[in-house]
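**Q** full-length UniProt numbering puts the first residue of the sequence shown at 1, with every later residue one more than the last.
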Amino acid sequence: MSALGEAVVDLDAIASNVRTIASIAGTELMAVVKADGFGHGAVPVARAALLAGAGWLGVTSASEALALRSAGITAPTLSWLHRPDDDFDQLIAAGVDVGVSTTTHLQAVVDAAHRLGVPATVQLKADTGLSRNGAAGDDWPELVGWARKYEVEGGIRVRGVWSHLADADAPGSPGLASQVAVFEEALRVARSAGLDPDLVHLANSAAALAAPRTRFDLCRIGLALYGVDPFGGTGPGDVGLRAAMTLRTTVVNVKRVPAGTGVSYGPGYVTGAPTTLALLPLGYADGLTRAAEGRAEVWLGGRRRPIVGRIAMDQCVVDVGDLPVAIGDRVVVFGPDRGDHAQPTVAEWARWAGTNPHEILTGVGARVARDHLHERAETS
Ligand SMILES: *Cc1c(COP(=O)(O)O)cnc(C)c1O
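#1: So, is R215 buried or exposed, given that buried needs 16 or more other C-beta atoms within 10 angstroms?
#2: Sort V200, A108, D314, D169 by Cα distance to E184 and report the nearest one.
#3: Is it the case that the Cβ atoms of P281 and G39 are separated by a distance below 9 Å?
#4: Among G235, G145, A224, A259, which residue has its Cα nearest to the Cα of P357?
#5: Applying the 10 Å Cβ sphere with the 16-neighbour rule, what's the burial state of G309?
#6: Can you tell me the Cα-Cα spacing of R115 and E28, whole angstroms?
#7: So which of D36, G365, R213, M30 has the shortest CA-CA distance to D314?
#8: Check whether the Cβ of L66 sits closer than 8 Å to any heavy atom of ligand 1, and report yes or no.
#9: Going by C-alpha distance, which of I156, D127, E64, S63 is nearest V109?
#10: Please confirm if the region 315 to 324 is in contact with the region 347 to 357, defined as three or more CB-CB distances below 8 Å between the two stretches.
#11: Using only the alpha-carbon positions, how far apart do L361 and A136 sit?
#12: Cutting at 7 Å between CB atoms, please list the residues of its own chain near G354, excluding the five before and the five after it.
#13: By Cβ distance below 7 Å, which residues in the same chain neighbour E375 in space, the five residues on each side in sequence not counted?
#14: What is the C-beta distance between residue 390 and R242, in whole angstroms, given that I count them as a contact (C-beta under 8 Å)?
#15: Can you grab the Cα-Cα spacing for the pair V59 / V100, in whole Å?
#16: Leaving out five residues on either side along the sequence, give the residues of the same chain with a beta carbon under 6 Å from the beta carbon of E297.
#17: Are A42 and W56 closer than 9 Å when you measure CB to CB?
#18: Pull up the distance between the alpha-carbon of T104 and that of P84, whole angstroms please.
#19: Once DSSP output is grouped into helix, strand and coil, what is the label at R19?
#20: Please state the DSSP three-state secondary structure of F334.
#21: DSSP three-state call for A308: helix, strand or coil?
#22: State the DSSP-derived secondary structure class of R148, mapped to helix, strand or coil.
#23: Drop a sphere of 10 angstroms on the beta-carbon of S380, count the other beta-carbons inside from all chains shown, and report buried for 16 or more, exposed for fewer.
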């Protein structure tokens, strides 16, 4: 079976990023492999990160956690976003730590642990300013109080207390300092209720690299694990991260057209001079988002060339000018920055599309084949 595009994932880059970030953060790392490892393949990325020294895996959902276990990965894992009626029995039986933000969820986890006859290991999440998940205000002492009661009764063990930052990519921001202060207070409340968490964590990639006071026992790294600088290429993220993914394809049609030729759907693009058009078999269903239309470029024939006209679901057209291009020529949509402004990067695609690099990476569609380089022997 051959796919129309490949996302080539260099697992040596993942390993190198783990080592780079660990040496800066000086803490244990949690490799965040949610959303299929930001589109890179959760299982191979998890294995590579663990082999390189990451101690934890982080995922959003129970099904993501259980998929790691099904692949034979037994490393410490935290799952943090659950419906109240999720199958906590399975998570507990699989030895996955459950992130808990509400007393409703806590009760469901305790009930599941009771049914199984095994204590659940939970990590309580405080809301320190993001106003998403986590307990805020009076809900935090209430959550902590119930958790302590259930811990004393033997239904759960509270291993962790944690939270998530709102604007860690702005290191000097007052918001960041205030979140750290709110978090420290939440921690004090938890300890005074009798909890004794081994694992206190707040930092994401940006904070791991640039905000020492957020590091506590562990940093949860997503974007930087995949080799994308959370600060956009200058400043504290310029530490030699290596982009892991190269999205590439092949030219499938070439035609010479006169001036005045309309390209792709709609009236949007008409050639201004005689030129050569190359067709790529990747479109917005594969991650080449329409939001980047009019700005996006690819690497083709040793040069950057623009995507012209509308990006369709399955294909797009590149104006190569007078460059000699043939059917079968290799095209790089984005890949590692070689420092020479050659092939486009994920960060550039994000700028062209007015979004963040996370959305570009997770937008790479399911029909793009994932091809992993430097896959090593089994680990747990
Ligand atoms: C996605 C996520 C991370 C990783 O964030 P990056 O900024 O990509 O490093 C860390 N923690 C939580 C709770 C997340 O949801």
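For each residue, glycine too, the CB sits at the ideal point set by N, CA and C. All figures in this text were calculated on a predicted structure; none of them were measured in a lab.
**A** This is what the structure gives:
#1: Start at 1 with the first residue of the sequence shown, and residue 215 comes out as number 215. Classification for R215: buried.
#2: Taking the first residue of the sequence shown as 1, we reach residue 184 at position 184. Closest by alpha carbon: V200.
#3: Within the sequence shown, residue 281 is the residue found at index 281, counting from 1. Within the sequence shown, residue 39 is the residue found at index 39, counting from 1. For P281 and G39, no; Cβs fall outside 9 Å.
#4: Here residue 357 is taken as the residue at index 357 of the sequence shown, counted from 1. That would be A224, whose Cα lies nearest to the Cα of P357.
#5: Start at 1 with the first residue of the sequence shown, and residue 309 comes out as number 309. Burial state of G309 is buried, judged by a 10 Å Cβ sphere holding 16 or more other Cβ atoms.
#6: The sequence position of residue 115 within the sequence shown is 115, counting from 1. The sequence position of residue 28 within the sequence shown is 28, counting from 1. So the alpha carbons of these two residues sit roughly 33 Å apart.
#7: By 1-based counting over the sequence shown, the position of residue 314 is 314. Distance from the Cα of D314 is smallest, within the candidate group D36, G365, R213, M30, for G365.
#8: Within the sequence shown, numbered from 1, the residue matching residue 66 stands at position 66. No, the beta carbon of L66 sits no closer than 8 Å to any heavy atom of ligand 1.
#9: Reading the sequence shown from its first residue, position 109 is the one you call residue 109. Answer by Cα proximity: I156.
#10: no
#11: What you label residue 361 is simply residue 361 of the sequence shown in a count that begins at 1. What you label residue 136 is simply residue 136 of the sequence shown in a count that begins at 1. Annotation: L361 to A136 spans about 31 Å, alpha carbon to alpha carbon.
#12: Position 354 of the sequence shown holds residue 354. These residues qualify, in order along the chain: A291.
#13: If you number the sequence shown from 1, residue 375 lands on position 375. The answer, listed in chain order, is L11, P44.
#14: Nothing can be reported for residue 390: it is not among the residues displayed for the chain, which extend from 1 to 380.
#15: Residue numbering aside, residue 59 sits at position 59 when the sequence shown is read from its first letter. Residue numbering aside, residue 100 sits at position 100 when the sequence shown is read from its first letter. Spanning the two alpha carbons is a distance of roughly 13 Å.
#16: For the purposes of this step, residue 297 is taken as the residue at position 297 of the sequence shown. Excluding positions up to five away in sequence, the list reads R304, P306, P344.
#17: Position 42 of the sequence shown, counted from the start, is the residue given in the question as residue 42. Position 56 of the sequence shown, counted from the start, is the residue given in the question as residue 56. No, the pair does not count as a contact, with Cβ atoms beyond the cut-off.
#18: Counting from 1 along the sequence shown, the entry for residue 104 is found at position 104. Counting from 1 along the sequence shown, the entry for residue 84 is found at position 84. Their Cα atoms are separated by approximately 7 Å.
#19: Along the sequence shown, one-based indexing puts residue 19 at 19. Three-state DSSP puts R19 in a helix.
#20: For the purposes of this step, residue 334 is taken as residue 334 along the sequence shown, with counting starting at 1. Here F334 sits in strand by DSSP.
#21: Translated into the one-based positions of the sequence shown, residue 308 becomes position 308. A small fix is needed here, since residue 308 is Val in this sequence, not Ala. Correct three-state label for V308: strand.
#22: For the purposes of this step, residue 148 is taken as residue 148 along the sequence shown, with counting starting at 1. Looking at R148 - three-state DSSP - the assignment turns out to be helix.
#23: Numbered from its first residue, the sequence shown carries residue 380 at position 380. Any answer about S380 is weak, because its pLDDT of 47 lies below 50 and its placement is not dependable; what the coordinates show is given next. Classification for S380: exposed.
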